[in-house]
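Q: Provided herewith is a single structure, encoded as structure tokens, for subsequent inquiry.
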Amino acid sequence: MATFPVLSTMANGLSVFRTWMDAVGDNLANLNTVRRTDEAAFQARFVVAEAVDYGNAATPGIGSGSRVAGVAFGSAEGRLVHDPEHPLADEDGMVRLPDIDMATQMTQLIQAQRGYQANLAVVDRARDAYLAALQIGK
Amino acid sequence: MPIGPVAGVSSAAFTPLATLAETASTRGAASTQPSGFGDAVIGALDDLSAAHNTADALATRAATGQLADVHDYTIAATEASLATELTVAVRNKAVEAFTSIMNMPL
């Protein structure tokens, strides 16, 4: 709605960070997804964000936040691990694990969480500001 | 500082409700006509109604487990609440102005 443009802007931003958290969650959940060596490993998910700059009606030139442009995939090669006991192991005793680093994923999770919180903070401040504006002249 | 006449207060400001309803139905086509206070109120009410409809639809989706983003609902509810506050503020100002005029000693 055009009356409170910052709120829809922040809704877009929140969706991007929520998607990022989803992607990190997917990556972490598949940290131990084992594949055969003749298959592609689980590929890490990367969220690609892009600016929505068609502008908002109130202030042309200022965009309307960001949106998810798509999802990029990490290495399909993964890493080969020697695990002869595994039912999916090949004749050399190797299996393919995804090339995902847990520490990197946790760092990204915190970044996504903080980004989400920052967007929420803007919503809160904007709401307070709008309510204060309605008090003018009272 | 000279205080000029209030531009919004004209005959259009006191359009009867029946006319307002007609204005509402033809509002999209009649954008060339001068917009009075009535049009502004009708527009605000339309926005308010749309905001509440959005929030209600999202609440239903939340209740039925189809809501992808929690913040979609809370932001829609915030927008609806702010729009309500805004409309109430405008109405209060209008009633205040009307009361002031009615209390004018003649």
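Residue numbers (the numbering used here), protein chains in the order written: chain A, 2 to 139; chain B, 1219 to 1324. The beta-carbon is built from N, C-alpha and C at its ideal position, and this holds for glycine as well. If you're wondering where the values come from, they're calculated on a predicted model, not measured in any experiment.
Beta-carbon separation of L1300 (chain B) and R128 (chain A) under 8 Å?
A: Contact: yes.
Q: Nearest chain B C-beta to M107 (chain A) closer than 8 Å, yes or no?
A: Chain B, which has no Cβ nearer than 8 Å to the Cβ of M107 (chain A), makes this no.
Q: Tell me, please, which residues DSSP counts as bridged to G71 (chain A).
A: According to DSSP, G71 (chain A) bridges with A:V49.
Q: Is L15 (chain A) close to chain B? Criterion is C-beta to C-beta, closer than 8 Å.
A: True, the Cβ-Cβ gap to chain B drops below 8 Å.
Q: Is F74 (chain A) buried or exposed, if buried means 16 or more other CB atoms sit within 10 Å of its CB?
A: Counting Cβ neighbours within 10 Å, F74 (chain A) comes out exposed, since fewer than 16 surround it.
Q: Cβ atoms of A1294 (chain B) and T1272 (chain B): under 8 Å apart, would you say?
A: A contact, by the Cβ cut-off of 8 Å.
Q: Strictly by DSSP, which residues pair up with L98 (chain A)?
A: According to DSSP, which records beta bridges pairwise, L98 (chain A) is partnered with A:R80.
Q: Kindly identify the DSSP beta-bridge partner or partners of R36 (chain A).
A: In DSSP, R36 (chain A) forms a bridge with A:R97.
Q: If I follow the unbroken alpha helix (DSSP H) through M22 (chain A), where does it start and stop?
A: Per DSSP, M22 (chain A) belongs to the alpha helix (DSSP H) from 6 to 30.
Q: Would you say I1319 (chain B) reaches chain A, if we count a Cβ-Cβ gap shorter than 8 Å as a contact?
A: So, not an interface residue.
Q: Of all the CB atoms in chain B, is at least one closer than 8 Å to the CB of A50 (chain A)?
A: No, A50 (chain A) lies away from the interface with chain B (no Cβ there is under 8 Å from its Cβ).
Q: Which residues, in chain order, does the segment 1292 to 1318 of chain B contribute to contact with chain A at a C-beta distance below 7 Å?
A: Within the segment 1292 to 1318 of chain B, the residues whose Cβ lies closer than 7 Å to some Cβ of chain A are I1293, T1296, E1297, L1300, A1301, E1303, L1304, A1307, listed in chain order.
Q: Quick test of the definition: if touching needs 3 or more C-beta pairs under 8 Å, does the segment 29 to 42 of chain A touch the segment 90 to 106 of chain A?
A: The segment 29 to 42 of chain A is in contact with the segment 90 to 106 of chain A.
Q: Give the interface partners of M11 (chain A) over in chain B, defined as CB-CB distance under 9 Å, in chain order.
A: Those within 9 Å of M11 (chain A) in chain B are H1289, I1293.
Q: Return yes when the Cβ of Q44 (chain A) is within less than 8 Å of the Cβ of S76 (chain A), no when it is not.
A: Cβ atoms of S76 (chain A) and Q44 (chain A): closer than 8 Å.
Q: Mind listing the chain B neighbours of T4 (chain A)? Cutoff is C-beta to C-beta under 9 Å, in chain order.
A: Residues of chain B passing the Cβ test: A1262, D1265, A1269, E1297, L1300, A1301, L1304.
Q: What did DSSP end up calling H1289 (chain B) once you bin it into helix, strand or coil?
A: In the structure shown, H1289 (chain B) sits in a helix (DSSP, three-state: H, G or I).
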